[in-house]
Every structure is written in structure tokens, then in C-alpha cells.
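Undergrad:
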Amino acid sequence: SKPWQSNPWGRVWADDPHPGDQNQDRVPLREETEAVGHAVTATYLWCGAADVVAETGESKLFEALDRIWHDMVEKRMYITGAVGAYHHGVSPRRDMVHEAFGRAYELPNATAYNETCANIGNGMWNKRMLELTGEARFADTMEQVLYNSALSPMDIDGTRFCYTNPLANSEWTPTLSQDSAQRWSEFTCYCCPPQVARTLAKTHEWAYSVSEDGIYANLYGSNVLATDIPGLGAVKLTQETDYPWDGTVTITVDEAPGEFVLRLRIPGWADSATVAINGDAVATATAPGTYTELKRRWQPGDVVTLDLPMRVRLMAAHPEVEEAHNQVAVVRGPVVYCLEGADLPDGVPVHEVHVPRDLKLTPTYKADLLGGVTVLEGTACRQQNPDWSGKLYAELATTFEALPICLIPYYAWLNRGPHDMRIWLPLA
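Just so it is clear: in the sequence shown, position 300 is 300 by the working numbering, and no numbers are missing.
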């Protein structure tokens, strides 16, 4: 045993040659049960371990990765797919950590670290787990990252960035390590911009997978796929869609080797998806969080139509997530939305906006806003608060007034100057 293991109170990571959980070093990986420590080194470690499993088929290592995945997704991952709650903190096993996972259900919003590289590392790891298993749960998480916490670091024109990715911002939010009130083009630690650039440049490799008997469609977006199925032959598919703003996806078979399986991912949120081939409905299983299998002798000109329901969903967090108690997040398709001060009347702070439980939101595509986005518009209510200057507590206000609101995709916030922002909105 190592001498430092006898110290139950943890150590300062910068001064100790054996930082324990900070570098995922306290517990052997094959015995690990939790997502701990520096979120970038963690996700990269798990990527490497998944690569080892791909080469060796080692079941014990895969079982450890699967345990860690469940712990992360069910207890430590933000609704945006971001990971790494701590700027600085203490691990569940009492090691000093930084840029790290928090304790179970510890998911602060305004002070969330969520380093860009960690978020993308999470997507990279899920891509590998998908390739190992063919299970749609990994593709769901991969997509959750791509449309939210992997895009939120970069502004609309692709020239300015954020290092951290909090889920809320207000006049009271402190600026902690690597935080910035506005996006920057130059920074002392410049890992995030190339990470975003290389991920976007490689997204085509995430969109499809090839197996011995066919094609997996993992992500949806207009594209052309030209590839070979080993032992079968060449395949060419053309996909057309306005996803994620619209849920209709058409895939045209331009070239086919005869019979093969086309597997379409049915996202975990798509509770009433339908599939048609050449206009005829297909009686195939479309359970959320699975791949639906279409096996036939394909002909050039065949058209597959997938319709995904794009209803607006009000999401609640686990009751142990204190930072989101009695609040909701708004999600449509894979896109997480936020309320930004730029879309409120002058003098109305974001924290005064409350939403009814039966909130109705209407999607509207605005081509001239933030590079072209679908916004969600509806009526919430304002609970006007007292002047908080010099106060920690005040009597609860009991009057509300109707207030129109417009929610934007979270990834597009901080493109119109510094403003308050919230993903989790309090219920009226």
C-alpha cells in the first residue's frame, strides 16, 4: 500500500505526488464505481479504456465503464450533457480536486465549471461506448452534448469562446477560475477553441456507424453518406431534414448492394415516432431510446421517412438536486433552452420570471436571430422582488403579473453582450 492511502482526510492536489481522485488514481479503474476527479482527464481515460475494450473484449473493464457511465448520467451530469461541477472542491472520498465532478446530485448552476474540453470528452466517450455496444443510450448522450454543451462555448460567428459553461448567470454570480463575463478570442489557456473546431470537423464520423449487416443512423442532419458495408458492397444515402428545428427526416437510397439493415435511432425523448418507406407506414418497433431496424432488399430511389415528435417538454431534476428544486428546464427535441435577459423588457431581471406548470410555448423559427434558431414563445409571470441591496432575506411577494417570454437555445446565449441567463426556471 502507499503511505498516502492511510490519510483519510484527503490531500491538496497541487502539493501531492499521489493526488488520488483528482487523477482517478485512488481506486483501480476496473474496481471504480463513481465518476470522480478532473473531468477532462476522466473522460479521456474512459475513452482510452473503451479503446482497450474494443481491442481486447475485456468484460471486467467494460463493466467498470458501464458502472461509471450510469453513475455519471444518473447523478453527476448536467441536462446539457456537461460534466465537471467544481472549479475547486473535495471529492466524495475527501481528496482535494479541481475542474472536477462533484458529489452525487451536486449540480450548481451559476458556479458550474463544465469545461468545454470535458463536455466534448463526454461526447467522445459516449461515441466509443456506442461503437462497442450499438446501444442508443450512448448516442442519446452523445447528441445531448453536441447540441448543447459542445456548442455553447463558441459564439455564432465562430471567433470567440468560453472556457466554462454555467447554466445560469446574474448580477450576483462570481467570476471564478476560467470564467469570463464575455466571450474571448485570446486566452491564457487556449485548449477549448481547437477542441470545438476538431469536433465539428469530425462530426460526420459520429453521424453513422457501419456494422457487418448494415448502417446505423446515429445523428440526423442533411448529408450524403457514401460507404461500403463489409462483405456486402457500396451504399449511398442522402439525408434531408431541418432537424433539430423540425422532426421530419427523409433518407433516400441512391445506391444499395441489395439486402441490408438500416437502423434508425429513436431518441429517448421521442415517444411517438413513426417510420414510412416510400410513403407506406412501417409496422416496426419505435420505442424511445432504441434503434428501429429496417431490413429489406433496397432499391435505388427508395425513400425512408422518419417523423420525430418535437413537442416542448418541461423537465424536472431529481429531488436531491437542490439547485433545481421546484424549477423546470425547457427542452425541445435534443435542444435545451434558456431565458436570457436580452429577451426581457428593460428592468425585468431573469430571476423574477416564474413559469406556470401548464406553460404553453409555441416554437417559431427566426432566420435573422442568432444565426437562425427556433425560439419558444409564451406567457409566464413576473414576481417582482424587493430591492435586495443590503438584504439576505425579505418577505415573500404574493402578486404576479403576466409576462411574455421568449426562450432561445442555450448554446446561443452570450452572443448579444453580457446578460442574465437561466436554464432552470422557478415554478409559479
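Just so it is clear, CB atoms sit at the ideal spot from N, CA and C, and this is done for glycine as well.
Can you tell me the Cα-Cα spacing of R128 and T398, whole angstroms?
TA: Walking along the sequence shown from the start, residue 128 turns up at place 128. Walking along the sequence shown from the start, residue 398 turns up at place 398. Cα to Cα, the separation comes out at about 51 Å.
Undergrad: Apart from the five residues on each side of it in sequence, which residues of its chain come closer than 7 Å, Cβ to Cβ, to M154?
TA: By one-based count along the sequence shown, residue 154 stands at place 154. If we look at M154 and ignore the five residues flanking it on each side, its Cβ neighbours are F161 and V196.
Undergrad: For F138, I'd like the list of residues in its chain whose CB is within less than 6 Å of its CB, leaving aside the five on either flank, ordered along the chain.
TA: Residue 138 sits at position 138 when you count from the first residue of the sequence shown. Excluding positions up to five away in sequence, the list reads N126, M129 and L130.
Undergrad: Which of the three DSSP states is assigned to T374 in this structure?
TA: Position 374 of the sequence shown holds residue 374. Correct three-state label for T374: strand.
Undergrad: Straight-line CA distance for G268 to Y393?
TA: As a first step, residue 268 is located in the sequence shown; it is residue number 268 there, counting from the start. As a first step, residue 393 is located in the sequence shown; it is residue number 393 there, counting from the start. Using only the alpha carbons, I get a separation of about 41 Å.
Undergrad: Excluding the five sequence neighbours on either side, which residues of its own chain have a C-beta within less than 7 Å of the C-beta of W184, listed in chain order?
TA: As a position in the sequence shown, residue 184 is number 184, starting the count at 1. If we look at W184 and ignore the five residues flanking it on each side, its Cβ neighbours are R160 and F161.
Undergrad: If you draw a straight line from the C-alpha of G233 to the C-alpha of L61, how long is it?
TA: Residue numbering aside, residue 233 sits at position 233 when the sequence shown is read from its first letter. Residue numbering aside, residue 61 sits at position 61 when the sequence shown is read from its first letter. Approximately 34 Å, taken between the alpha carbons.
Undergrad: Exposed or buried, which one is H87 when buried takes at least 16 other CB atoms within 10 Å?
TA: Position 87 of the sequence shown, counting from 1, holds the residue named residue 87. So H87 ends up on the buried side.
Undergrad: Checking 8 Å against the spacing of the C-beta atoms, do S149 and N165 come in under that value?
TA: Along the sequence shown, one-based indexing puts residue 149 at 149. Along the sequence shown, one-based indexing puts residue 165 at 165. Cβ distance < 8 Å, so S149 and N165 count as in contact.
Undergrad: Which first and last residues belong to the alpha helix (DSSP H) in which Y163 is found?
TA: Translated into the one-based positions of the sequence shown, residue 163 becomes position 163. Segment: none, Y163 is in no alpha helix (DSSP H) and carries neither H nor E.
Undergrad: Using DSSP's beta-bridge definition, name the partner residues of P409.
TA: Taking the sequence shown and counting its residues from 1, one reaches residue 409 at position 409. Paired residue(s): Y337.
Undergrad: Assuming A50 and L29 make a contact with CB atoms under 8 Å, what is their CB distance in whole Å?
TA: Stepping through the sequence shown from its first residue, residue 50 is reached at position 50. Stepping through the sequence shown from its first residue, residue 29 is reached at position 29. No, A50 and L29 are not in contact; Cβ-Cβ is about 11 Å, not under 8 Å.
Undergrad: Since Y86 is in the beta strand (DSSP E), which residue starts that stretch and which ends it?
TA: Within the sequence shown, the letter at position 86 stands for residue 86. It spans Y86 to V90 - the beta strand (DSSP E) in which Y86 sits, taken as one unbroken run.
Undergrad: Tell whether a beta-carbon distance below 8 Å holds between P230 and S272.
TA: The residue given as residue 230 occupies position 230 in the sequence shown. The residue given as residue 272 occupies position 272 in the sequence shown. No, they are not a contact pair.
Undergrad: Select from P193, P194 and A217 the residue whose C-alpha is nearest the C-alpha of H204.
TA: Within the sequence shown, numbered from 1, the residue matching residue 204 stands at position 204. For H204, the nearest C-alpha among the options comes from A217.
Undergrad: Could you give the distance in angstroms between the alpha-carbon of V304 and the alpha-carbon of Y220?
TA: Locating residue 304 in the sequence shown gives position 304, where the first residue counts as 1. Locating residue 220 in the sequence shown gives position 220, where the first residue counts as 1. Their backbone Cα atoms lie some 13 Å apart in a straight line.
Undergrad: At what residue ranges does the stretch 129–168 contain a whole run of the alpha helix (DSSP H), taking only runs of 4 or more?
TA: Runs found: 136–144.
Undergrad: Counting only beta-carbon atoms, is K127 nearer than 8 Å to chain D?
TA: No chain D appears in this structure, which consists of one protein chain only.
Undergrad: Shortest alpha-carbon distance to V328 belongs to which of H351, G347, P288 and V355?
TA: Counted from its first residue, the sequence shown places residue 328 at position 328. Answer by Cα proximity: V355.
Undergrad: Using a Cβ-Cβ cut-off of 6 Å (strictly less than) and excluding sequence neighbours within five positions of A42, which residues of its own chain qualify?
TA: Taking the first residue of the sequence shown as position 1, residue 42 is located at position 42. If we look at A42 and ignore the five residues flanking it on each side, its Cβ neighbours are Q24.
Undergrad: So, under 8 Å CB-CB, L376 and L407 are touching, yes? Tell me the CB distance rounded to an integer number of Å.
TA: As a working mapping, residue 376 is identified with position 376 in the sequence shown. As a working mapping, residue 407 is identified with position 407 in the sequence shown. Right, the Cβ-Cβ distance comes to about 4 Å (below 8 Å), so this counts as a contact.
Undergrad: Determine the direct distance from the alpha carbon of V53 to that of E63, and round the result to whole angstroms.
TA: Working through the sequence shown from its first residue, we reach residue 63 at position 63. Working through the sequence shown from its first residue, we reach residue 53 at position 53. So the two alpha carbons sit approximately 10 Å from each other.
Undergrad: Taking the alpha-carbon of G134 as reference, which of L414, A412, Y291 and A428 has the nearest alpha-carbon?
TA: Counting from one through the sequence shown, the residue named residue 134 turns up at place 134. Residue Y291 is the option with its Cα nearest to G134.
Undergrad: Only counting runs of 3 or more residues, tell me where the beta strand (DSSP E) segments fall wholly within the stretch 298–333, in order along the chain.
TA: Runs found: 303–307, 312–315 and 327–332.
Undergrad: Of all the options T252, V261 and N278, which has the alpha carbon lying nearest to the alpha carbon of D213?
TA: Stepping through the sequence shown from its first residue, residue 213 is reached at position 213. That would be V261, whose Cα lies nearest to the Cα of D213.
Undergrad: Can you tell me whether S1 is helix, strand or coil according to DSSP?
TA: Translated into the one-based positions of the sequence shown, residue 1 becomes position 1. Unreliable positioning characterises S1 in this predicted model, as indicated by a pLDDT of 43, which lies under 50. The coordinate reading is nonetheless provided below. Three-state result, S1: coil.
Undergrad: Of all the options V348, P319 and N114, which has the alpha carbon lying nearest to the alpha carbon of R382?
TA: Reading the sequence shown from its first residue, position 382 is the one you call residue 382. Residue V348 is the option with its Cα nearest to R382.
Undergrad: Terminal residues of the continuous alpha helix (DSSP H) containing Q239?
TA: Working through the sequence shown from its first residue, we reach residue 239 at position 239. Segment G233 to T241 is the beta strand (DSSP E) holding Q239; no alpha helix (DSSP H) there.
Undergrad: Assuming N114 contacts A82 under a Cβ cut-off of 8 Å, what Cβ separation, rounded to an integer in Å, is found between them?
TA: Position 114 of the sequence shown, counted from the start, is the residue given in the question as residue 114. Position 82 of the sequence shown, counted from the start, is the residue given in the question as residue 82. Yes, they are in contact, since the Cβ atoms of N114 and A82 sit about 4 Å apart, within 8 Å.
Undergrad: Could you spell out where the beta strand (DSSP E) holding K366 opens and where it closes?
TA: Locating residue 366 in the sequence shown gives position 366, where the first residue counts as 1. First-last of the beta strand (DSSP E) with K366: L361 to K366.
Undergrad: What residue from L146, T252, L237 and A285 has the CA that sits closest to R198's CA?
TA: For the purposes of this step, residue 198 is identified with residue 198 of the sequence shown, where counting begins at 1. Cα-wise, what sits closest to R198 is L146.
Undergrad: Y105: which of A118, M72 and T241 sits nearest, CA to CA?
TA: Start at 1 with the first residue of the sequence shown, and residue 105 comes out as number 105. Answer by Cα proximity: M72.
Undergrad: G371 to I156, Cα distance in whole Å?
TA: For this step, residue 371 is matched to residue 371 along the sequence shown. For this step, residue 156 is matched to residue 156 along the sequence shown. Roughly 6 Å separates the two Cα atoms.
Undergrad: So for L65, helix, strand or coil by DSSP?
TA: Taking the sequence shown and counting its residues from 1, the one referred to as residue 65 is at position 65. Looking at L65 - three-state DSSP - the assignment turns out to be helix.
Undergrad: Please report the distance separating the alpha-carbon of P409 from that of P17.
TA: Within the sequence shown, residue 409 is the residue found at index 409, counting from 1. Within the sequence shown, residue 17 is the residue found at index 17, counting from 1. Straight-line Cα distance between these residues: approximately 43 Å.
Undergrad: Taking the straight line between their C-alpha atoms, what separation do you get for E55 and A285?
TA: In the sequence shown, residue 55 corresponds to position 55, counting from 1. In the sequence shown, residue 285 corresponds to position 285, counting from 1. Roughly 32 Å separates the two Cα atoms.
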